[in-house]
Ligand SMILES: *Cc1c(COP(=O)(O)O)cnc(C)c1O
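Residue numbers (this note's numbering): 2 to 409.
What follows is the structure, given as structure tokens:
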């Protein structure tokens, strides 16, 4: 789906109301499509659709449906990309994108700090297909530059890395990739609307819709946003990774995610407001807290250049309590006081916390984790939409005290 360019100086967050599409019968929400296959009134159009999109026609719901197309169109607009394709998960979006660009004998240069599932895909699975990955620190452009070879097809990173919340300089990464004929693929899951990586030159922007974009922790989904040619390759009936591997998002789910998209900027503001307040109070207490809105955030300059300042600094925060058992006591105390839930994932309306070292990043070897500062006492927070933050803070502080004193 084509996206018009927004007015000068505008930002995706201020345009989100314009993504609204009416239903077939005038419903305020688009009608939900309920068919796996579609009728053709003209056999010539059926013939033509096997060679590329035909306006107003759908072939088969593994490829797309009116409902998945509405969601894809909105997400393309959000990322200021010409086109998008939704998938059954964030991992499917990542895997299909990499399959699209990489063949046997080629390689990927990836940030060493990426989502655990992505790390495992790159490190363990893709080598089985003859695709290798070199992991480097994307906050150091020289390391990235040196890692590229003539066989490099993709530079891969997250706009805000999991779980340490580092923000690579995407303009620099795009420049390095393009000077060597590679593509910059950015996973923007942690910072939707905050970052619009296309503006810095990213070729493909991916999301796990499971997280902030849907925000309800009630489904798993993903999206690939890119140029029309890339989306066409992915959905090609005889060669496309997405079409042939088949990670299809159900129409009913697509419709429900689309409805949640409209509250994203408002939710992000509240996630960010709460996370900022908690991070500041924790920092004042001398707790080792990482949050992009704190003065000691190491990528402050990059953040300032790349992020939409009106939306705050996002809902993700980490606290390092040094030892694993202290982190565990802390999380149990928080859960007992109903501050939030000990669960992986993020972007939910309630606070979620998990220990990345022994969960979502456990795929990353221990030496590698230690080298990056991902210690056993690290707790990752996705701060919720709590209205009464004073009440939350009182409980947070009591949980912290309990964890530090070792009483349970
Ligand atoms: C969750 C997540 C993914 C994977 O998405 P799924 O929807 O769980 O497949 C990829 N990248 C990041 C940064 C994530 O947080």
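Beta carbons are placed, not taken as given, at the ideal position from N, Cα and C, and that holds for glycine.
Ligand 1 heavy atom lying under 7 Å from the CB of residue i
i: residue 191; result: yes
i: residue 212; result: yes
i: residue 160; result: no
i: residue 95; result: yes
i: residue 163; result: yes
i: residue 315; result: no
i: residue 112; result: no
i: residue 91; result: yes
i: residue 188; result: yes
i: residue 216; result: no
i: residue 355; result: no
i: residue 247; result: no
i: residue 221; result: yes
i: residue 209; result: yes
i: residue 61; result: no
i: residue 116; result: yes
i: residue 250; result: no
i: residue 127; result: no
i: residue 347; result: yes
Beta-carbon spacing of residue i, residue j below 8 Å
i: residue 223; j: residue 239; result: no
i: residue 228; j: residue 14; result: no
i: residue 198; j: residue 162; result: no
i: residue 66; j: residue 59; result: yes
i: residue 379; j: residue 358; result: yes
i: residue 235; j: residue 242; result: yes
i: residue 289; j: residue 321; result: yes
i: residue 92; j: residue 206; result: no
Cβ-based burial, residue i [other Cβ within 10 Å; buried from 16]
i: residue 312; result: buried
i: residue 410; result: Look at the range of the chain in this structure, 2 to 409, and you will see that residue 410 is not part of it.
i: residue 42; result: exposed
i: residue 213; result: buried
i: residue 147; result: exposed
i: residue 182; result: exposed
i: residue 204; result: buried
i: residue 130; result: exposed
i: residue 191; result: buried
i: residue 371; result: exposed
i: residue 381; result: buried
i: residue 318; result: buried
i: residue 167; result: buried
i: residue 52; result: exposed
i: residue 25; result: exposed
i: residue 111; result: buried
i: residue 5; result: Legend: pLDDT at residue 5 = 41, less than 50; position of this residue unreliable, no value from coordinates given.
i: residue 458; result: Past the boundaries of the shown model lies residue 458; the chain is included only from 2 to 409, so the question cannot be answered.
i: residue 107; result: buried
Cross-strand partners of residue i (DSSP beta bridge)
i: residue 320; result: 290, 380
i: residue 130; result: Note: residue 130 sits in no beta bridge, so no partner.
i: residue 184; result: 155
i: residue 303; result: According to DSSP, residue 303 bridges with nothing at all.
i: residue 88; result: 223
i: residue 400; result: In DSSP, residue 400 forms no bridge with anything.
i: residue 355; result: 381
i: residue 162; result: DSSP output for residue 162 lists no bridge partner at all.
i: residue 61; result: 38
Residue i beta carbon near ligand 2 (any heavy atom closer than 7 Å)
i: residue 119; result: For the structure depicted, ligand 2 is absent and the ligand set comprises only ligand 1.
Q. Taking contact to mean at least 3 C-beta pairs separated by less than 8 Å, is the region 380 to 400 in contact with the region 345 to 355?
A. yes
**Q.** Sufficient close CB pairs (3 or more, under 8 Å) joining the region 86 to 102 to the region 240 to 256
**A.** yes
Q: Decide if the region 295 to 304 is in contact with the region 327 to 339; the criterion is three or more beta carbon pairs, one per stretch, under 8 Å apart.
A: no
Q) Taking one C-beta from the region 389 to 402 and one from the region 334 to 342 each time, how about it: are there three or more such pairs within less than 8 Å? A) Counting C-beta pairs with one atom in each stretch, the region 389 to 402 and the region 334 to 342 have three or more that are closer than 8 Å, which means they touch.
(Q) Within 8 Å, do at least three Cβ pairs link the region 279 to 289 to the region 250 to 259? (A) no
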